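Down below is the structure, laid out as structure tokens.
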Amino acid sequence: MTSGICTIGLAIFSTLALFGSKAIMGQRLPPPQVQNAQVPCFFIFGDSLVDNGNNNGMLTLARANYRPYGIDFPLGATGRFTNGQTYVDALARLLGFRNFIPPFARARAPREVLRGVNFASGAAGIREETGNNLVRIYIDLCT
């Protein structure tokens, strides 16, 4: 169990180190050289670091669908808690996806869901203490 968590943590750290260093320094990432998608689908789980608009339709205080969020994003404020793309948007482009992975809240067709969706939700937590006015996912780890 512990080695699996360490492996996941190392993968996340490597991704952040690879993409985050250029994004933090304000440099644009080079366009991807990939022609076709390298993986069949891409499912994203997380909090505000990767949320791309799932909170827009939820009864929550954690929203980012207004300015200044999205000021550097071609579509404007979409619900991303950044001024532009998230690192999973960049990762999806590097994997060869032509479009952004849609938020689960806006996935309309089963084909979209099979291609991958983003389940991330800003201010989400896995602890029972996560606020009642925020998205709460509680998993009983004792079972």
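All letters in the sequence shown, in the order written, are residues -26 to -1, 1 to 117 by mature numbering (1 follows the signal peptide of the UniProt record, and there is no 0).
Each residue gets a CB set at the ideal place from its N, CA and C atoms; glycine is no exception.
Please read these numbers as outputs of a predicted model, since none were measured by experiment.
For A38, there is no enclosing alpha helix (DSSP H), since its DSSP letter is neither H nor E.
In its chain, beyond the 5 residues on either side, G44 have a beta carbon closer than 6 Å to the beta carbon of G50. The beta carbon of F74 lies closer than 6 Å to those of D63 in the same chain, with the five residues before and after it left out.
Note on L65: 16 or more other CB atoms within 10 angstroms of its CB, so buried under the neighbour-count rule. Within its own chain, the residues whose Cβ lies closer than 6 Å to the Cβ of N30, once the five positions on either side in sequence are excluded, are N39, G53, listed in chain order.
The beta carbon of F93 sits closer than 6 Å to those of F19, F78, all from its chain and outside the five residues before and after it, given in chain order. The residues D46, F47, in chain order, have a CB closer than 7 Å to that of G58 in the same chain once the five nearest residues on each side in sequence are set aside. A straight-line Cα-Cα distance of about 15 Å links C15 and A83. DSSP places R85 in the uninterrupted alpha helix (DSSP H) bounded by 84 to 89. Nearest to P76 by C-alpha distance, out of V91, R85, F55, L68, is V91. Within its own chain, the residues whose Cβ lies closer than 8 Å to the Cβ of Q12, once the five positions on either side in sequence are excluded, are L69, G70, listed in chain order.
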